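Some notes on the structure that comes next.
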Amino acid sequence: MESNDTRQAQAKMLTEKQFASLQSRIAALPNELSDMILEKLLEFDHPAKLRLSDFVQPLAFKLNHEARSRYAPQFFATTKFIMSGRELRMWIPDRLTDWHRKAIKHVGVLAVSEGFTTQFKKATEASGLTAGEVVTRRLKLFAKCHSAPKTGAIGKRVWAREGTRPDDNREFEVDMKCCIGYIDVTGNEDFKWSEEVEMTKFCF
1 MESNDTRQAQ AKMLTEKQFA SLQSRIAALP NELSDMILEK LLEFDHPAKL RLSDFVQPLA
61 FKLNHEARSR YAPQFFATTK FIMSGRELRM WIPDRLTDWH RKAIKHVGVL AVSEGFTTQF
121 KKATEASGLT AGEVVTRRLK LFAKCHSAPK TGAIGKRVWA REGTRPDDNR EFEVDMKCCI
181 GYIDVTGNED FKWSEEVEMT KFCF
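Residue numbers for the sequence shown follow full-length UniProt numbering, beginning at 1 and rising by one.
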């Protein structure tokens with residue numbers, strides 16, 4: 001008799017104790033079989049884009065150092081982490097290790113609030129540029145401001161805007177591409193991503 005139940009199976013996250021118990025039972029199996037099971041357990045799918053506030057470390061990273069070394073580089077290199085500008089300024093200097101700063105390859109900064117949309121409308125009306133062109137200019141200025149040490153004219157403007165002082169300066173090497181998510185105020189009001197700009201350094 002066929003079942004009409006179309007509900008999707010739900011994955012259950014094991015507690016550390018449950019996972020340790022599962023590991024010990026798998027380890028008791030013949031090597032070839034245990035390797036096959038572990039390989040399946042460690043496989044994970046992840047979205048191409050991930051909101052920073054929704055990030056949960058994949059279970060595969062918790063198994064051991066070898067497993068983390070194997071899966072983490074691919075995960076961080078192929079996932080676009082999406083966040084606000086404020087989250088970015090906290091995340092890069094205070095929440096990441098040097099390894100993470102170089103492993104993360106794509107960051108999307110959201111500029112979709114009513115305030116940003118109003119700014120983009122005024123900028124497009126004054127310049128005659130499209131919303132995409134305005135956003136790209138802002139992104140390149142953002143990259144320039146945060147890629148150079150905060151000295152001289154640019155540094156003083158950044159200090160004034162962010163409330164930092166010269167002795168607050170911190171520089172971090174990165175290897176990522178940044179883009180901005182915005183509302184296309186000169187188009188059909190759709191959400192869009194700007195082109196990506198490469199960054200090799202973040203200076204705060």
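Think of the CB as a built atom: it goes at the ideal place given N, C-alpha and C, for glycine as much as any other residue.
Just so you know, these numbers come straight off a predicted model, no measurement behind them.
Judging by CA-CA distance, which residue of the options is the nearest neighbour of residue i?
i, options, result
"C179", "E171, L110, P58, F204", "L110"
"K121", "N31, E16, L52, E189", "E189"
"I183", "V134, Q57, R170", "V134"
"T117", "E198, A131, H106", "A131"
"Y170", "L129, D98, R137", "In the sequence as displayed, the identity of residue 170 is Arg instead of Tyr. Among L129, D98, R137, the Cα nearest to that of R170 belongs to D98."
With residue i and residue j assumed to form a contact (beta carbons below 8 Å), what rounded beta-carbon distance in angstroms separates them?
i, j, result
"E173", "K62", "About 27 Å separates the two Cβ atoms, so there is no contact after all."
"H100", "F76", "7 Å"
"L139", "S53", "About 22 Å; that fails the 8 Å criterion."
Measuring straight from C-alpha to C-alpha, what distance separates residue i and residue j?
i, j, result
"A27", "N64", "14 Å"
"V56", "G85", "20 Å"
"P149", "C203", "6 Å"
"S24", "R68", "19 Å"
"F142", "G181", "14 Å"
"T186", "G115", "16 Å"
"D94", "K201", "15 Å"
"N31", "F19", "19 Å"
"A60", "K49", "19 Å"
"E66", "P58", "14 Å"
"W159", "T79", "Because the pLDDT at W159 is just 46, under 50, the model does not fix this residue reliably, and the value given afterwards should be weighed accordingly. Going from the Cα of W159 to the Cα of T79 covers about 31 Å."
"E16", "K144", "44 Å"
"R165", "A72", "Any reading at R165 must be qualified, since the residue scores a pLDDT of 49, below 50, and its modelled position is unreliable; no value is offered."
"Q74", "G108", "18 Å"
"residue 208", "Q119", "Only positions 1 to 204 of the chain appear in the structure, and residue 208 is not among them; the question remains open."
"L96", "K40", "29 Å"
Sorted by chain position, which residues of the same chain lie with C-beta nearer than 6 Å to residue i's C-beta, five sequence neighbours on each side aside?
i, result
"K177", "H106, E196, E198"
"residue 291", "Because the chain is modelled from 1 through 204, residue 291 falls outside the range shown and cannot be assessed."
"M83", "L52"
Give every residue of the same chain whose Cβ lies closer than 7 Å to the Cβ of residue i, excluding the five residues on either side of it in the sequence, and list them in chain order.
i, result
"S34", "I26, A27"
"F191", "V112, G181, I183"
"T6", "Caution applies to T6, whose pLDDT of 40 falls short of 50 and renders its modelled position unreliable; the value that the coordinates give is listed next. Closer than 7 Å at the Cβ level, and outside the excluded window around T6, lies no residue."
"I104", "F76, F81, M176"
Among residues of its own chain, excluding the 5 on either side of residue i, which ones have a beta-carbon nearer than 8 Å to its beta-carbon?
i, result
"I37", "I26, L29"
"S147", "M199, T200, K201, F202, C203"
"R137", "L129"
"P47", "T79"
For the ligand PLP, is there any heavy atom lying closer than 7 Å to the beta carbon of residue i?
i, result
"W193", "The model on display carries no ligand, and the ligand PLP is accordingly not part of it."
Would you say residue i reaches chain B, if we count a Cβ-Cβ gap shorter than 8 Å as a contact?
i, result
"H65", "The chain labelled as chain B is not found in the depicted structure, where only one protein chain is given."
How do the region 84 to 95 and the region 123 to 139 stand: do at least 3 beta-carbon pairs fall below 8 Å, yes or no?
-> no
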